[in-house]
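The structure appears right after this line, and notes come after that.
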Amino acid sequence: MGQNRTSTEGASRKVTFLGRGLGLRSPTKLTLLVCPLCSQRNGDRMAEKGVCEWCAYEPAERDEEPFGTER
Ligand SMILES: [Zn+2]
């Protein structure tokens with residue numbers, strides 16, 4: 001205890017899910033921007049929840065990979 005971080009800006013990083021889709025991982029939550037399952041761009045409200053608004057897919061945290069490491 002004792003750590004009080006007031007700023008979360010810049011703390012999130014881009015992730016993919018087994019090389020598909022696109023999300024933003026922050027220390028507290030996942031924002032799902034593009035669904036790895038149906039490849040649809042997510043709506044803002046559902047993106048905030050980390051769930052695809054098209055197919056209701058919710059990516060598993062263990063499937064997350066850093067974005068931009070593809071060869
Ligand atoms: Zn989907």
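So for the sequence shown, UniProt numbering puts the first residue at 1; every next one is plus one.
From the three backbone atoms N, C-alpha and C, an ideal C-beta is built for every residue, glycine too.
Own chain partners of residue i with C-beta closer than 6 Å, once the 5 adjacent residues on each side are dropped
i   : result
M46 : E53
Nearest residue (CA-CA) to residue i, options the options
i   : options               : result
C35 : E65, P59, P66 and K29 : P59
S39 : R25, E65, Y57 and P27 : Y57
C55 : E61, P66, F67 and L32 : L32
K49 : E65, P66 and L24      : L24
Close-in-space but distant-in-sequence residues of the same chain around residue i (CB under 7 Å, 5 per side omitted)
i   : result
D63 : F17 and L18
R20 : P36
Sequence-distant residues of its chain with Cβ nearer than 8 Å to residue i (five each side left out)
i   : result
G43 : E53
T8  : Caution is warranted here: a pLDDT of 49 is assigned to T8, below 50, making its placement in the model unreliable, and no coordinate value can be reported.
Residue(s) in a DSSP beta bridge with residue i
i   : result
F67 : Answer is none; F67 lacks a bridge partner.
Please list, following the chain, all residues that have a C-beta closer than 7 Å to any non-hydrogen atom of ligand 1. Here the residues come out as C35, L37, C38, Q40, C52, W54, C55 and Y57.
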